[in-house]
Structure formats: structure tokens, C-alpha cells
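Read top to bottom, the protein sequences are chains R and C.
Those letters in the first sequence? Residues 1 to 367, by the numbering used here.
Those letters in the second sequence? Residues 368 to 734, by the numbering used here.
Where a beta carbon is used, it is the ideal one built from N, C-alpha and C, also for glycine.
Step one of this worksheet: look at the structure below.
Number of protein chains: 2
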Amino acid sequence: MGGSPASRGGETGADPAALRHVREQVTRALEAFLEGQRPVVLGTAGELGPGLAAIDDLLTGGKRLRAAFCYWGWRGAGGGSDPGIFTASAALELLHASALVHDDVMDGSDTRRGRPSLHRQFSARHSEAGWHGSAESFGRGAAILMGDLLLCWTDELFHSSELGAEALRRGARLLSQMRTEVMAGQYLDLVEQARGTGTVDAALRVARLKTARYTIERPLQVGAALATGEAEAAAAAYSRYGLPLGTAFQLRVDLLGVFGDPAQTGKPAGDDLREGKRTVLVAIALAKAGPAEAALLTRRLGDPLLDAEELEEVRSVISDAGALAECESLIERYTSEALAALEDAPVTPGARQALAELAVAATSRIG
Amino acid sequence: MGGSPASRGGETGADPAALRHVREQVTRALEAFLEGQRPVVLGTAGELGPGLAAIDDLLTGGKRLRAAFCYWGWRGAGGGSDPGIFTASAALELLHASALVHDDVMDGSDTRRGRPSLHRQFSARHSEAGWHGSAESFGRGAAILMGDLLLCWTDELFHSSELGAEALRRGARLLSQMRTEVMAGQYLDLVEQARGTGTVDAALRVARLKTARYTIERPLQVGAALATGEAEAAAAAYSRYGLPLGTAFQLRVDLLGVFGDPAQTGKPAGDDLREGKRTVLVAIALAKAGPAEAALLTRRLGDPLLDAEELEEVRSVISDAGALAECESLIERYTSEALAALEDAPVTPGARQALAELAVAATSRIG
Numbered sequence: 001m002g003g004s005p006a007s008r009g010g011e012t013g014a015d016p017a018a019l020r021h022v023r024e025q026v027t028r029a030l031e032a033f034l035e036g037q038r039p040v041v042l043g044t045a046g047e048l049g050p051g052l053a054a055i056d057d058l059l060t061g062g063k064r065l066r067a068a069f070c071y072w073g074w075r076g077a078g079g080g081s082d083p084g085i086f087t088a089s090a091a092l093e094l095l096h097a098s099a100l101v102h103d104d105v106m107d108g109s110d111t112r113r114g115r116p117s118l119h120r121q122f123s124a125r126h127s128e129a130g131w132h133g134s135a136e137s138f139g140r141g142a143a144i145l146m147g148d149l150l151l152c153w154t155d156e157l158f159h160s161s162e163l164g165a166e167a168l169r170r171g172a173r174l175l176s177q178m179r180t181e182v183m184a185g186q187y188l189d190l191v192e193q194a195r196g197t198g199t200v201d202a203a204l205r206v207a208r209l210k211t212a213r214y215t216i217e218r219p220l221q222v223g224a225a226l227a228t229g230e231a232e233a234a235a236a237a238y239s240r241y242g243l244p245l246g247t248a249f250q251l252r253v254d255l256l257g258v259f260g261d262p263a264q265t266g267k268p269a270g271d272d273l274r275e276g277k278r279t280v281l282v283a284i285a286l287a288k289a290g291p292a293e294a295a296l297l298t299r300r301l302g303d304p305l306l307d308a309e310e311l312e313e314v315r316s317v318i319s320d321a322g323a324l325a326e327c328e329s330l331i332e333r334y335t336s337e338a339l340a341a342l343e344d345a346p347v348t349p350g351a352r353q354a355l356a357e358l359a360v361a362a363t364s365r366i367g
Numbered sequence: 368m369g370g371s372p373a374s375r376g377g378e379t380g381a382d383p384a385a386l387r388h389v390r391e392q393v394t395r396a397l398e399a400f401l402e403g404q405r406p407v408v409l410g411t412a413g414e415l416g417p418g419l420a421a422i423d424d425l426l427t428g429g430k431r432l433r434a435a436f437c438y439w440g441w442r443g444a445g446g447g448s449d450p451g452i453f454t455a456s457a458a459l460e461l462l463h464a465s466a467l468v469h470d471d472v473m474d475g476s477d478t479r480r481g482r483p484s485l486h487r488q489f490s491a492r493h494s495e496a497g498w499h500g501s502a503e504s505f506g507r508g509a510a511i512l513m514g515d516l517l518l519c520w521t522d523e524l525f526h527s528s529e530l531g532a533e534a535l536r537r538g539a540r541l542l543s544q545m546r547t548e549v550m551a552g553q554y555l556d557l558v559e560q561a562r563g564t565g566t567v568d569a570a571l572r573v574a575r576l577k578t579a580r581y582t583i584e585r586p587l588q589v590g591a592a593l594a595t596g597e598a599e600a601a602a603a604a605y606s607r608y609g610l611p612l613g614t615a616f617q618l619r620v621d622l623l624g625v626f627g628d629p630a631q632t633g634k635p636a637g638d639d640l641r642e643g644k645r646t647v648l649v650a651i652a653l654a655k656a657g658p659a660e661a662a663l664l665t666r667r668l669g670d671p672l673l674d675a676e677e678l679e680e681v682r683s684v685i686s687d688a689g690a691l692a693e694c695e696s697l698i699e700r701y702t703s704e705a706l707a708a709l710e711d712a713p714v715t716p717g718a719r720q721a722l723a724e725l726a727v728a729a730t731s732r733i734g
């Protein structure tokens, strides 16, 4: 999905109270839920102990951006202090963890949040045990199953929030739509990568459908739907805020994937380039670079063996073509658009303030 | 999952009214649901048209065994003629379709229900379009996403059944548990295959956890929980009936996978042997065969290039060792045990009759 900067951002200025408070509560909800699943899982297959531990690890990381947007979507639409909202919001983090696990299988990624990706962990387990058959295919199979498990748990956790049948019904409708959209958006991304047409417009469309909706617009609207049956006006404002902000967020992720510090991203430097991701950043670079530079970029993209020097060369092409600067300016423009939409949004003042903080947290350089 | 005989069984004596009636209603519910998803999916990514068509195709096949058990579990526990039960039961078929799609990716299977498996269909699309990158990895990625989509839709369809908030809450709790158990059971299967210890006990444990619960016991109990808050006695009877019957069902699937007619199974003859599946049948054969025959069996199992003659040789080893006969006798014994459990089960007479018919349908040679 490429939609999650890996840093926990715990100590940075980009970790505002709006995020921190939600993260603590959501983390608690996730821990309690996993604790409850343990006997069911291990009662069926005690062999899954290490798999559960890997899921624990995976769920420890992350900023909990989607949960935070869900929570503030609720507060903005008039939702009160019912602790169930943290449970419902936490469900979005299970959904996201599932997406990360399956994405890493699809992309063949080796690392996630500074650790081996889940399928690599399972492959290693296979190799260490000296089991029969292909360690790679064992790892892939196990990770597909773990991603499925996380996906199933999304609903279970969501419905366990005790926010009332009507509220859950309204929220679940949007949660379902959001999931269908993100799967369709991811397919679109696969097709765009395969087609390799690589226009800026196509890349922006993918960013909007795959990331902006899934990370910001829909989580906000799920929260609003949980809060009230009359969330139309808030939901519309959340679209006006969420779609540009989500696009800016994806652009920031793209930049971090190429220019980011591995300590911050949790991935080896240049991984996105080695995987050949056709991001908006790359599309802009290809459109603006001279013929020789564009040819070099095309040749290098997706070469899994790029060394440090070659990576630096690719970064220079992107930067010299003005793509880095243009991305930064797009991020600024989209973020401003989002903040402007907040001004007259029919939401509570506290939420308005929090959403302004979250806009910075989601798009700032320090991830 | 290896848990679905592919035949539609439409014309055979093993397609009793108990199954036929449910199938028609469930098929209608699935069609209506897919029709409703179409605009959401295509509105996000029009490119997914062929993917939806492939899902349509996949959902056309199958006996709808799981839906039928859910429906009769409901009826047996006193559930009435509310049409919502067909909708809720249909959700289990979406879950199963998701499992089939992901299983085929995990096993690298080429065919499903007589057609190319979903990942092969997507790979072919990639090749035909002359897209960039690996067609295989595109197909795998797209199929993972389609399986995820089907898995998400399970809940959406289940909760759209309008059976009332309390009933849905009870049913969803069991549905969740069932999904967690099946994922854990599948992982156990992966580990058992990789370990290759291949004892009969280990294979029976996998059959019970992965298939018997998922195909029969839990669907019955989901139906019962939807029908009433006082389903304890019925649920216990469903376990006594469902666990042995489900084990017999898996043994029948194992036999069909080795000795079945491709026209009936929808898979090339001997596919299970080429994939090297460590079934109960194989475990029995390995335990009973002489050293030379066991060595031949071990050598041939999992060889993807086995030709017709070599397959026949493997079949002879299994059959001559007495494993075929022992499997048939186990099927008979487990089925009798299930039928005996029905006799004093606290369920309605109509359901008792239907479950007796389903026991035959799930385990008879004509699949």
C-alpha cells in the first residue's frame, strides 16, 4: 500500500497531543483484543505462538493515524467521551496491519518497521527448523493467513466496541465501503505499475483512491457515522479536508521512500526505487527530466541490486529535474487546501484544532 | 484449504432437497449482493471489471454446503421462515470463496472448479496485455486482493441480513471464532506439510480443526446462534454430529483428490499427488505400505511432473496398501457416528431429516 510511514515519531514536534492521546487508548484496546484472541488461536494451533508474537510486534509500531482520524471524526461530529470509540478506531489499525502484511507479500518486501517483514520471519522459521519444501512459499502462505486473520479481526474488534446497534450499523456500512475501495484502489495501483504509463495524473488518481480515502477521508467519516445519524454536513467537510490532505500525505510518503532516513522509515534507503514504485514523485521526475536523465531513471527503477552510488545518482536525477521541489510545493498546496476546508467545517472547535495538528503530523518532513 | 469438492452435483442422487432449496436462495442472495458492490468497485477502479466477472464465475460453482449447514442449524434450533437467514448463510460462501482464492495462491494451483484459478486468470491478463514486470507476481498480487475483498464482504453480507441486532451479535461472535479457527487450522496444515512427519493422527487433527469445524460444526452453530439465545443444547449436538461428519467429508475429499474423476472434481487427475498433499489417506498408505512401496510413494509425492503412468503407479501403491479401503471404512464409521448423534439431538424433526440427507451428500462417492 506504501501508505504508512514507519516512524513512531514519538519524540518529534509532529506528534501532537491529538495523536498521542488516541494512540495510548488505541494501543490499550489492541492489546486487550489480542490477549482475548490468544486462547482461541493457540487452542487451535499452539504452533502459532511465534506468529502471534510477530503480530504483536507489528501492531506495536505505527503512528495510529487512521485510528486518530476516526476518533477525531467522531469528536468533530459531536461524539462524546464513550471509550468504545477507541475500540472502534483501533479496528482500523488491524485493517491497516493486514494491508501491510499482504502488501509486503505482494511486493516481496524484506523489511517493515525496521524488522523483517512477516513473510520473511516465517521463511526464516522454516529454514531454521530444516522443514521440507520451499521456505519462501511457506513464508508467503503463512503471511497470507496472518493478513487474513488480521482482516477478520477488524470486524470483531469494531463490533465489540459497544457503541450501540444503530451506531455500529451506520459505521460498519462506511467501514465496508472503505475496505472495498481500498482493495479496488490497490488493484488500480497494481495495474498502473504494470502498465507503466506513469503519467502524473494517473499517479495522483491512485494516491487519491488508494491512500487519501483510506487513510483520512473514510476514517473521519466512519467516526462521524458512529457519532450521529445526521453526519452529512460533517462528512462532506471531511471529504474536502481529507482528500487533499491524504494526497499530500502520500506525496510525503513518496519523498521519504526515496530521500528518507532509514532510521525514520524503518526500511532500507532507496527501497522504493529498488522496487520500482511508480509514485507521483517519479512521474513528475520522468516528465520534467531531459531525455538522457529520464532514460537513466527508467533503467534504474526496479533494479533490485542498485548500490548506494547508483541510488544517489537516481536521487540526483529526481532532485535536479525539480521533482523534489515540485513535490514539496504540492504537499504545501494540498495541505493548505485541507486547512482552508477546516475553517468553515461544521465540526466542534476541539476537533478543528486537532485536525489542524494532524494535518501537520501527517505531512511534515519529520514523518 | 482442500476442503471443497468442486462438483456442483446438480444431477446426482447426492443433491437432496435439503441442499437444493438452500442453494437457490443463497445464490440469489449472492447475486444481489454482487450487483450492489459493482458500482462501488467499478466507481473506484473500472479496471476491475474482469476481476468481478471472475468472482461471479467462482461464486457460481460449489454445492453451498456451508450455507446449507448454517441454514439447517438455524431451522434445527427453532429458526423460522425469515428470508434473512439465506443472506446470513450466503456470507459463509463468500468466506469460502476467499479461502479458495488464497489457497490457490498458497498452493500455486492452476485450476479451480474446472477453470483457471483466479491468480492464473490475472497472470494471463497481464501477459496478454504485454504489461511490464512479472505476470506471475501480478496475478498473485491481484488474487490476494480479490481474496481480501471477498473476506471483507463476508461481514457486510452477514450484517445486511436484517435478523436483528441481538441475533446478529450472537451469530457474529461465532462467525468470528470460526474464522480465527480456520486460519489457525490452515497454518497448522502448512506446518504439518512442512514438517512432513505425516502420522495419521496429525493428519486427522488437521482434518478436524481445519475442515470439520469450518465446514460443518461452526456453520451449524452460527445458524443456531442466529435463531436463539438459548442454543447451548443444539450447539452441543451439532458438535457431536459435525465433527465426525466433517472428518468423513475431508476423507472423501482426499479420496476424490487422488482417485476422483476430473469432470467431477474440476481439477486435473492426480493434482493432490503432484502438490504432495499430506492427507489422512497418504498417511495411512505410508503407515501400511511395505518399505519399497512407501519409499516410492515418498519419492513421487510432490513431484509436479508426474505423468499418467506414474500417477497410476502411486494410486496402486495407495490402494494395494489397503489405504483406500481403510479410508472408505473410516468414512462409513464417522458418518454413522454423526447420524447416531442426530438421533437424540434436541432439534426439530425437519432439520433432523435434512441433516441426515446432508450427511450423505457431504460424504458420498458421487461427491
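Indicate whether residue i and residue j have their beta-carbon atoms separated by less than 8 Å.
i: residue 678 (chain C); j: residue 648 (chain C); result: no
i: residue 729 (chain C); j: residue 653 (chain C); result: no
i: residue 185 (chain R); j: residue 206 (chain R); result: yes
i: residue 358 (chain R); j: residue 69 (chain R); result: yes
i: residue 442 (chain C); j: residue 717 (chain C); result: yes
i: residue 266 (chain R); j: residue 111 (chain R); result: yes
i: residue 231 (chain R); j: residue 150 (chain R); result: no
i: residue 513 (chain C); j: residue 141 (chain R); result: no
i: residue 579 (chain C); j: residue 531 (chain C); result: no
i: residue 235 (chain R); j: residue 335 (chain R); result: no
i: residue 194 (chain R); j: residue 469 (chain C); result: no
i: residue 736 (chain C); j: residue 144 (chain R); result: Residue coverage of chain C in this structure runs from 368 to 734, which leaves residue 736 (chain C) outside it and unanswerable.
i: residue 385 (chain C); j: residue 712 (chain C); result: no
i: residue 577 (chain C); j: residue 555 (chain C); result: yes
i: residue 118 (chain R); j: residue 54 (chain R); result: yes
i: residue 522 (chain C); j: residue 148 (chain R); result: no
i: residue 152 (chain R); j: residue 575 (chain C); result: no
Would you mind working out which of the options sits nearest residue i, comparing C-alpha positions?
i: residue 449 (chain C); options: C:514, C:516, C:534, C:472; result: C:534
i: residue 302 (chain R); options: R:50, R:108, R:323; result: R:108
i: residue 506 (chain C); options: C:500, C:489, C:494; result: C:489
i: residue 526 (chain C); options: C:416, C:400, C:421; result: C:400
i: residue 129 (chain R); options: C:510, C:438, C:419, C:558; result: C:558
i: residue 20 (chain R); options: R:71, R:209, R:131; result: R:71
i: residue 544 (chain C); options: R:342, R:36, R:330, R:208; result: R:36
i: residue 299 (chain R); options: R:314, R:54, R:290; result: R:314
i: residue 228 (chain R); options: R:18, R:85, R:38; result: R:85
i: residue 329 (chain R); options: R:316, R:297, R:189, R:364; result: R:364
i: residue 307 (chain R); options: R:154, R:271, R:264; result: R:271
Under 8 Å Cβ to Cβ from residue i, same chain only, skipping five residues before and after it: list those, please.
i: residue 460 (chain C); result: 393, 397, 426, 429, 431, 433, 434
i: residue 390 (chain C); result: 430, 431, 434, 435
i: residue 401 (chain R); result: Only positions 1 to 367 of chain R appear in this structure, which leaves residue 401 (chain R) out of reach.
i: residue 196 (chain R); result: 278
Could you pull out every residue in the same chain whose Cβ sits closer than 6 Å to the Cβ of residue i, ignoring the five residues on either side in sequence?
i: residue 689 (chain C); result: 655
i: residue 537 (chain C); result: 592
i: residue 114 (chain R); result: 266
i: residue 643 (chain C); result: 668, 669
i: residue 719 (chain C); result: 709
Would you list the residues sitting across from residue i in a DSSP beta bridge?
i: residue 564 (chain C); result: BP columns for residue 564 (chain C) are empty, so no partner.
i: residue 483 (chain C); result: C:478
Go through its chain and collect everything with a Cβ distance to residue i's Cβ below 7 Å, but skip five positions before and after it.
i: residue 238 (chain R); result: 73, 217, 220, 221, 224
i: residue 262 (chain R); result: 268, 269
i: residue 650 (chain C); result: 565, 566, 567, 570
i: residue 125 (chain R); result: 50
i: residue 524 (chain C); result: 400, 454, 457, 458, 461
i: residue 715 (chain C); result: 442, 443, 445
Does chain B have any CB closer than 8 Å to the CB of residue i?
i: residue 176 (chain R); result: No chain B is present in this structure, whose protein chains are R and C.
Closer than 7 Å to a non-hydrogen atom of the ligand GTP - does that hold for the CB of residue i?
i: residue 356 (chain R); result: For the ligand GTP, the structure offers nothing, since it holds no ligand at all.
The region 404 to 413 of chain C / the region 174 to 191 of chain R touching (three or more Cβ pairs under 8 Å): Look at the beta carbons and you see the region 404 to 413 of chain C touching the region 174 to 191 of chain R: at least three pairs across the two are nearer than 8 Å.
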